[in-house]
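A short worksheet on the structure shown next.
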Ligand code: TXA
Ligand code: MG
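Residue numbers (our numbering): 92 to 440.
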């Protein structure tokens, strides 16, 4: 398949380029586009056949439902059974933004979007290209992250090209995404409002408005016995080719443990990647060191994390030794992604 790549101005998208993207969406084609979190792989969310192509291009399991993206709050009405009061408050406060809300779905939503379950995930992305593309298409856009299933989510158009070139119709290149981790997924259909995936909007921020919100236990627990409630959370995800170990605890202990482990691997002839931070990167003298950002500004770590994992893949290291960060605020989302990338290989030191 021929993949068209369009470079767009991410602050002031050229209207004729947006129209091109929308024309593709309306024709049932696949268009990757930037959002404020990660790149999405979009299709007309009301066109079952188009949505099926998303699963095929990504190699995504059929039982993992997709998020519908809208550009105005009013577009949500026909897609859901009802809008809970909590949702109204949160949409007002956080949309457009990195918060996905799960509603009871209406019959307009195709089964292929929801993997047959009776709820639907909806979000309004905070990115001019995404918002204008949805608006010009005139339909909700179904979009998972635009990576091959299991790989780290794309935060640059280059990542999308690497994974999906030749498998999709268009890639709209709008430069680097902002948050760098996917949206928070919040389920409002149960007895208690429940975060199923931590992301750009933190538990603390939601709690301010919805005090009884909780976090699904499986998100931070390292036990495999707790079954995640969000279908997508049960798969190994965000995974680099190399094996990966994450070290958590006191930062001095982390540095020491990584130094020792790195030496062990190097001595046995393995090539080692170290995922460090600005504050610690000079403390390692073995392996290839990449700093993913500053411990004092965890947003920078979220922004760079997936790109760093992909860089280690490019470098072809055998093992990645990663520093952990403290949970709480965006740290919880970072640790959730590190847990997934490493397949739960976390050592507390
Ligand atoms: O930031 C984001 O959310 C990005 C951008 C492109 O918008 N999208 C994204 O989509 O991360 P995806 O498909 O990679 O992740 C969607 C997550 C999956 O974990 C999926 O299982 C969950 O949302 N999800 C979708 N519909 C659901 C539903 N009805 N109930 C529970 N979880 C659902
Ligand atoms: Mg994804």
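All residues carry an ideal CB built from backbone N, CA and C; glycine is no exception.
Residue from the options with nearest C-alpha to residue i
i	options	result
residue 149	236, 177 and 401	236
residue 221	265, 248, 245 and 239	265
residue 230	239, 161, 260 and 242	161
residue 260	194, 118 and 426	118
residue 402	190, 382 and 348	382
residue 333	358, 412 and 394	412
residue 276	263, 188 and 224	188
residue 376	96, 353 and 156	353
residue 212	278, 295, 238 and 301	278
residue 181	267, 300 and 404	300
residue 110	200, 226, 172 and 151	226
residue 359	378, 420, 147 and 371	378
residue 135	173, 294, 93 and 199	199
residue 106	295, 203 and 223	223
residue 171	139, 244, 430 and 210	210
residue 122	147, 234, 177 and 174	234
residue 240	147, 351 and 92	147
residue 175	113, 159 and 196	196
residue 425	192, 113, 270 and 94	270
residue 432	356, 335 and 388	335
residue 387	380, 295 and 371	371
residue 347	367, 190 and 329	367
residue 137	114, 113, 112 and 232	232
residue 329	204, 93 and 434	434
residue 349	183, 438 and 112	438
Residue i - DSSP class collapsed to helix/strand/coil
i	result
residue 155	coil
residue 377	coil
residue 421	helix
residue 160	strand
residue 135	strand
residue 101	coil
residue 388	strand
residue 182	helix
residue 404	helix
residue 205	helix
residue 382	strand
residue 283	coil
residue 362	coil
residue 166	helix
residue 426	helix
residue 305	strand
residue 145	helix
residue 432	helix
residue 171	strand
residue 393	helix
residue 353	helix
residue 348	helix
Limits of the unbroken alpha helix (DSSP H) element including residue i
i	result
residue 113	106-117
residue 228	219-228
residue 294	294-300
Continuous beta strand (DSSP E) stretch holding residue i: start and end
i	result
residue 437	437-439
residue 251	Here residue 251 belongs to no beta strand (DSSP E); instead the alpha helix (DSSP H) covers 248-255.
residue 195	190-195
residue 336	334-339
residue 414	410-414
residue 260	Per DSSP, residue 260 belongs to no beta strand (DSSP E) and is neither H nor E.
residue 276	275-278
residue 213	210-214
residue 123	122-124
Rounded Cβ spacing between residue i and residue j (contact assumed at less than 8 Å)
i	j	result
residue 247	residue 398	7 Å
residue 344	residue 440	4 Å
residue 280	residue 194	7 Å
residue 404	residue 331	5 Å
residue 156	residue 208	7 Å
residue 390	residue 421	6 Å
residue 108	residue 97	5 Å
residue 133	residue 158	With 8 Å as the limit, residue 133 and residue 158 do not qualify as a contact, their Cβ atoms being about 10 Å apart.
residue 228	residue 273	Contact flag wrong, Cβ pair sits at about 21 Å.
residue 206	residue 192	So it is not a contact: roughly 17 Å between Cβ atoms.
residue 139	residue 201	4 Å
residue 292	residue 190	4 Å
Cβ of residue i within 7 Å of any chain B Cβ
i	result
residue 198	Any reference to chain B falls outside this structure, which holds one protein chain only.
Inset, instruction - Would you check if the stretch 269-286 and the stretch 295-312 touch, i.e. whether three or more CB-CB distances between them fall below 8 Å? - result: Contact holds: three or more Cβ-Cβ distances are below 8 Å.
Legend entry - Cβ pair count under 8 Å reaching 3, the stretch 349-366 against the stretch 404-422: Touching, yes, given that three or more Cβ pairs across the two stretches are closer than 8 Å.
Inset, instruction - Say whether the stretch 203-218 touches the stretch 113-132, bearing in mind that this needs 3 or more beta-carbon pairs closer than 8 Å, one atom from each stretch. - result: Contact between the stretch 203-218 and the stretch 113-132 is present, because at least three Cβ pairs lie under 8 Å.
Inset, instruction - Give a yes or no on contact between the stretch 334-347 and the stretch 412-427, applying the rule of three or more CB pairs nearer than 8 Å. - result: Yes: the two stretches touch, three or more of their Cβ pairs being nearer than 8 Å.
Legend entry - Touching by the beta-carbon criterion (3+ pairs, under 8 Å), the stretch 93-113 and the stretch 162-174: No, the stretch 93-113 does not touch the stretch 162-174.
Legend entry - Stretch-stretch touch, CB-based, cutoff 8 Å, three pairs: the stretch 241-257 with the stretch 136-143: Contact fails: fewer than three Cβ-Cβ distances are below 8 Å.
Legend entry - Closer than 6 Å to ligand 4: residues, by C-beta to nearest heavy atom, in chain order: With respect to small molecules bound, the structure shown includes ligand 1 and ligand 2 and not ligand 4.
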